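Down below is the structure, laid out as structure tokens.
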Amino acid sequence: MTTQITTGLQVRRSVELTIDGQKVSALEGSTLLDACRASGKEIPTLCYGDTITPKNACRVCMVELEGSRTLVPSCSRKVEAGMVVNTDNERTSHSRKLVLELLGSSVDLSLTKNVARWNDGYGAQPSRFGAPSFHHDDRDEAVTGHHHAPNGKTAETVHQPVKVDNSLYIRDYSKCILCYQCVDACGEQWQNTFAITTAGRGFDARISTEFAVDLTDSACVYCGNCIQVCPTGALMFTSEYEMRKDGTWNEPEQTQTDTICPYCGVGCALTLHVQDNTIVKVTSPSDHYVTHGNLCIKGRFGFQHVQNRTSD
Amino acid sequence: MDLKIASAEATSEEKNAVDSLLGVAPETSQGGERNLAGHRVARGGESLRSLRHMLLPTLHAINDRIGWLSRGAINYISQRLDIAPADIYGVATFYALFDTNERPARQVHVCIDLACRAMSGCKEDSIPTGAIASPCLGVCERAPAVLVIETGVTPRYEVLAPATTSEIVDLVAGKSAGAEKEISAAVPQAPDASLVLLSRIGRVNPLSIDDYIASNGFVALRRAIDIGAEQVIAEVTASGLVGRGGAAFPTGRKWSAVAGQPVKTRYLICNADESEPGTFKDRVLMEGDPFALVEAMTIAAFATGCQHGWIYLRGEYPRALKNLTNAVEVARSRSMLGENILGSGFSFDITIFRGAGAYICGEETAIFNSIEGYRGEPRNKPPFPVEVGLFGKPTVVNNVETLMNVLPIIQNSGEKYATWGTTGSKGKKLFCISGAVNQPGVYEVTFGATLRELIKLAGGMKTGSQLQAVLLGGAAGGFVGPQDLDLELTLEAARAAGTTLGSGVILVFDQSVDMIDQLQRIAAFFRDESCGQCVPCRVGTVRQQEALARLVKSSGTKSASVDLQLLRDLGQVMRDASICGLGQTAHNAIDSALTRLKVFSA
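First to last, the sequence lines map onto chains V and L.
381 is the number that my numbering gives to position 252 of the first sequence; each next residue is one higher, with no gaps.
698 is the number that my numbering gives to position 353 of the second sequence; each next residue is one higher, with no gaps.
Here it is as structure tokens:
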């Protein structure tokens with residue numbers, strides 16, 4: 130049975146499918162992830178962001194679709210009438226556990242939300258692949274199609290030094306899961322600047338400017354929209370980075386205040402993150418109908434005048 | 346998009362290389378010029394960006410002339426095609442044949458892959474200084490193989506196989522490889538007019554369209570035009586032909602799906618990115634019978650309503666490139682390609698598109714991205730290529746050997762073709778036999794022969810060689826042992842036996858070969874060739890290689906059983922959760938070695 134729901138001028142039909150033995154209905158064009166979440170299932174996601182078309186690269190949201198040889202990415206697979214989906218069986222659990230282990234053993238996920246809880250829930254033990262290796266700092270120099278042979282002891286990681294080449298934000302690619310969201314935000318999905326790209330191939334694939342030049346020599350316009358979408362803390366305000374380094378970053382004590390950017394007439398929504406009466410970073414609500422989380426350099430970084438106290 | 350381009354300028358040689366392909370640049374390719382009213386006139390934008398599919402050819406043009414891609418060169422391409430430099434850098438660094446660091450004009454690529462290392466011990470650390478270790482060069486019948494690329498105004502691509510160590514040293518020093526061995530050397534059955542797919546090899550000059558016509562050339566195309574598109578698809582469906590690239594999808598069903606699309610702009614791609622280690626059949630077909638491929642593609646396009654076709658040819662096949670280029674040009678000049686083919690009103694043309702060193706670009710959706718000028722990363726399916734393929738249009742993707750089979754189907758009939766073979770595997774099949782046999786090469790058989798018969802056909806085992814193992818289907822295939830010699834090499838029998846024919850590889854290992862070394866090479870191969878997009882494959886291929894490296898040291902101990910379990914876990918997640926066939930099959934051969942060959946069993 131299908132029913133029709135009118136949303137605005139679009140007519141979207143709803144389709145029926147089965148998730149974990151339960152019949153559910155979902156709007157045509159929505160994803161399995163939408164349908165699962167609507168029916169109260171928790172599906173982990175990492176590369177999925179609510180303002181970017183999912184790249185479905187992390188593969189942590191895989192569910193079992195009956196009739197499909199492989200598991201399917203729930204974040205991008207659209208619902209179809211009659212689908213029979215299992216979100217929580219041995220196969221999906223194994224897949225999620227292994228993906229968490231593979232990422233956890235190669236990337237610093239210490240700032241990625243929910244990972245510790247998921248690791249517990251799925252019994253993921255990233256350390257079982259061996260002690261992490263921090264020896265290859267030259268990832269920008271990797272030669273495509275060639276690699277360092279494994280030494281039979283350690284597990285290779287994406288570790289490399291933090292890139293601090295400008296005063297506004299830092300890039301700590303040891304924390305990068307290669308979700309492609311920053312590339313898509315910088316490029317065709319939002320900013321159209323194309324300052325960064327995925328370079329190299331395979332395990333050596335990395336986010337890079339052309340020829341790995343400093344941001345200051347790149348096309349970057351410092352809109353910070355890449356920081357907004359980064360799910361792992363690989364891209365970070367310099368203010369936050371410095372405070373974390375000094376041990377003064379205290380997120381529970383911070384307040385968040387929504388306001389409107391004062392610089393021009395667009396009216397972008399800002400969320401000011403304030404600690405000790407000082408703005409420590411700026412984000413933008415991703416569900417805001419004007420900005421969808423995007424800002425320009427002024428809204429994102431131009432807040433010093435607010436706290437330029439006369440006594441200074 | 347405003348391009349921000351750094352100050353590095355292309356040299357005049359780099360500019361010439363690009364201009365020779367794209368034409369001389371207009372005076373202001375970017376906005377900047379003012380018209381009479383004082384307004385700026387943009388000469389970039391959409392019209393330039395619609396040339397994005399020229400990106401890979403342009404990178405090739407510079408690489409062929411200069412040998413590497415400098416910042417200035419990439420900036421110049423950026424201006425000519427309106428693509429950001431970072432974006433171009435991302436594409437350039439995806440392909441192993443390109444380099445963004447300065448390097449010598451002459452590169453000697455020595456194959457260190459499965460057949461070559463088994464036959465000659467060519468390994469990463471044992472090749473002469475100055476040579477570059479290369480994945481399978483597709484000349485396994487004459488292992489070990491070397492590809493020399495010398496860039497310049499007239500770039501030279503030469504293949505030497507087999508090559509001795511001292512010959513490789515000479516090649517590095519600048520000596521010419523000389524003339525390559527004749528094509529028919531790869532086909533021990535040739536010349537034999539009674540063969541179906543290899544009948545012209547060694548008999549008909551691959552550069553002459555007249556010789557081709559004199560040996561039944563274009564008979565099938567004429568008949569196709571006579572019987573009409575629908576009937577062509579009906580014949581192909583009736584023939585039971587399935588794809589020969591490895592996935593064995595029914596060709597007739599693929600063609601009907603595209604023919605039935607409401608969208609009328611459609612494309613055909615011949616997948617000639619043959620890079621599966623141990624595979625060289627498509628190379629031999631393209632070198633030895635290029636007009637047949639042109640004819641077969643034209644029939645496929647006629648049947649499915651495609652206006653344009655691409656041959657996505659791997660970058661390491663210079664003779665195939667030369668012979669196909671000749672075939673396409675000559676066929677066009679004789680109205681067998683282009684407008685109004687044979688007066689039928691049907692128009693179709695072919696572009697030969699060179700790959701640049703990426704096994705993943707044999708994956709059908711990765712081909713689309715590669716041709717469109719993006720990194721060769723596979724796309725998510727659905728949507729499937731028959732609906733949304735190259736440039737977003739319905740697209741037929743067929744392997745070279747698959748297309749070649751269309752000619753005998755149309756010349757005779759689908760029904761006749763279906764009389765060849767077994768219930769589940771119809772027609773003729775090419776096998777690439779290499780390794781410890783007396784006469785390695787491409788062999789044509791009717792489906793149904795056993796592994797034992799195939800090895801016998803290839804002259805049997807070499808004197809003193811005892812069979813240790815056979816790799817079926819390449820690195821993405823699986824190993825079988827001496828106990829499997831009576832395996833019938835059909836799709837159904839292979840499936841029942843838990844193995845695969847894949848791309849038709851039969852790589853024979855004798856007792857002298859270190860199978861653990863072969864496994865490590867397979868693991869290294871997948872690690873190098875993973876596109877890096879999805880976690881199970883990007884990290885899984887590394888962890889698989891590391892687990893093997895540990896097992897080499899710990900075989901038989903308690904920690905070995907931990908690593909064996911790790912390998913099984915990795916295999917399952919790669920098979921279940923990878924985006925494409927590369928990750929999904931990256932554990933197959935290793936799994937089969939553990940279970941069938943009992944490698945690492947104490």
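Glycine included, C-beta positions come from ideal geometry on N, C-alpha and C.
Small disclaimer: the values here were computed from a predicted structure and weren't measured.
Quick check on DSSP: helix, strand or coil for residue i?
{"i": "V/His-277", "result": "coil"}
{"i": "L/Thr-643", "result": "helix"}
{"i": "L/Val-918", "result": "helix"}
{"i": "L/Leu-505", "result": "strand"}
{"i": "V/Arg-188", "result": "coil"}
{"i": "V/Glu-230", "result": "helix"}
{"i": "L/Asp-694", "result": "strand"}
{"i": "V/Arg-438", "result": "coil"}
{"i": "V/Glu-382", "result": "helix"}
{"i": "L/Lys-1006", "result": "Residue 1006 of chain L is absent from the structure shown; chain L starts at 346 and stops at 947."}
{"i": "V/Leu-364", "result": "strand"}
{"i": "V/Ala-328", "result": "strand"}
{"i": "L/Leu-299", "result": "There is simply no residue 299 of chain L to check, as chain L begins at 346 and stops at 947 in what is shown."}
{"i": "L/Lys-667", "result": "helix"}
{"i": "V/Asp-375", "result": "helix"}
{"i": "L/Gly-376", "result": "Caution applies to L/Gly-376, whose pLDDT of 48 falls short of 50 and renders its modelled position unreliable; the value that the coordinates give is listed next. Here L/Gly-376 sits in coil by DSSP."}
{"i": "L/Glu-495", "result": "strand"}
{"i": "L/Val-850", "result": "strand"}
{"i": "L/Ile-546", "result": "coil"}
Mind checking whether residue i and residue j have CB atoms under 8 Å apart?
{"i": "L/Glu-654", "j": "L/Ile-695", "result": "Here residue 654 of chain L turns out to be Gly, not Glu, going by the sequence shown. Taking 8 Å as the Cβ cut-off, L/Gly-654 and L/Ile-695 qualify as a contacting pair."}
{"i": "L/Tyr-421", "j": "L/Ala-351", "result": "no"}
{"i": "L/Gly-718", "j": "L/Arg-397", "result": "yes"}
{"i": "V/Val-228", "j": "L/Ala-922", "result": "yes"}
{"i": "L/Leu-816", "j": "L/Leu-864", "result": "no"}
{"i": "L/Pro-480", "j": "L/Phe-870", "result": "yes"}
{"i": "V/Cys-204", "j": "V/Asn-218", "result": "no"}
{"i": "V/Ser-222", "j": "V/Tyr-251", "result": "yes"}
{"i": "L/Ala-905", "j": "L/Phe-854", "result": "no"}
{"i": "L/Gly-683", "j": "L/Cys-706", "result": "no"}
{"i": "V/Ser-415", "j": "L/Tyr-434", "result": "no"}
{"i": "L/Ala-841", "j": "L/Ile-935", "result": "no"}
{"i": "L/Ala-814", "j": "L/Leu-939", "result": "no"}
{"i": "V/Gly-428", "j": "V/Val-411", "result": "yes"}
Give every residue of the same chain whose Cβ lies closer than 6 Å to the Cβ of residue i, excluding the five residues on either side of it in the sequence, and list them in chain order.
{"i": "L/Arg-895", "result": "Asp-908"}
{"i": "L/Arg-724", "result": "Thr-710"}
{"i": "V/Leu-200", "result": "Met-191, Glu-193, Ser-224"}
{"i": "L/Arg-548", "result": "Pro-536"}
{"i": "L/Ala-892", "result": "Asp-908, Leu-911, Leu-912"}
Near residue i, what residues of its chain come up, given a Cβ to Cβ distance below 8 Å and the 5 sequence neighbours on each side ignored?
{"i": "L/Met-749", "result": "Leu-542, Leu-630, Asp-634, Ala-637, Leu-638, Ala-641"}
{"i": "L/Gly-650", "result": "Ala-574, Val-603, Ala-604, Lys-609, Arg-611"}
{"i": "L/Ala-406", "result": "Ala-362, Val-363, Ser-365, Leu-366"}
{"i": "L/Gly-417", "result": "Ala-353, Glu-354, Ala-355, Thr-356, Glu-359"}
{"i": "L/Asn-685", "result": "Phe-691, Ser-692"}
By Cβ distance, which residues of its chain are closer than 7 Å to residue i, with the 5 residues on each side in sequence left out?
{"i": "L/Arg-568", "result": "Ile-755, Gln-756"}
{"i": "V/Arg-141", "result": "Ile-134, Leu-156, Glu-157, Gly-158"}
{"i": "L/Leu-846", "result": "Leu-817, Gly-818, Leu-834, Leu-836, Ala-839"}
{"i": "L/Pro-753", "result": "Val-541, Tyr-762"}
{"i": "L/Met-919", "result": "Pro-881, Cys-882, Gly-885, Gly-928, Gln-929, Ala-931, His-932"}
{"i": "L/Glu-495", "result": "Ala-450, Arg-451, Arg-501"}
{"i": "V/Pro-98", "result": "It is not possible to answer for residue 98 of chain V, since the shown part of chain V is limited to 130 through 441."}
Let me know the beta strand (DSSP E) ranges lying completely inside the stretch 588-622 of chain L, each 3 residues or longer, listed in chain order. The qualifying runs are 612-617.
Inside the stretch 233-279 of chain V only - alpha helix (DSSP H) runs reaching at least 4 residues: Runs of the alpha helix (DSSP H) inside the stretch 233-279 of chain V: 244-251.
Report the start-end ranges of each beta strand (DSSP E) in the stretch 779-838 of chain L that is 3 residues or longer and not cut off at the edges. List check, beta strand (DSSP E) in window: 786-791, 812-817, 823-825.
Counting only runs of 4+ residues fully inside the stretch 144-225 of chain V, write out the alpha helix (DSSP H) ranges in chain order. Correct list: 161-167.
Every unbroken beta strand (DSSP E) within the stretch 421-491 of chain L, with a cutoff of 3 residues, ordered by chain: Listed in chain order, they are 451-456, 476-479.
I'd like to know if the stretch 760-776 of chain L and the stretch 594-603 of chain L are in contact, where contact means that at least 3 CB-CB pairs between them fall below 8 Å. No, they do not touch.
Determine, using beta-carbon pairs with one atom in the stretch 450-465 of chain L and one in the stretch 249-267 of chain V, whether at least three such pairs fall under 8 Å. Because the criterion of three Cβ pairs below 8 Å is not met, the stretch 450-465 of chain L and the stretch 249-267 of chain V do not touch.
Could you tell me whether the stretch 395-414 of chain V touches the stretch 159-170 of chain V, where touching means 3 or more Cβ pairs closer than 8 Å? No: fewer than three Cβ pairs fall under 8 Å.
Would you list, in sequence order, the uninterrupted alpha helix (DSSP H) runs of no fewer than 4 residues that lie entirely inside the stretch 742-779 of chain L? Within the stretch 742-779 of chain L, the complete alpha helix (DSSP H) runs of at least 4 residues fall at 745-756, 759-763.
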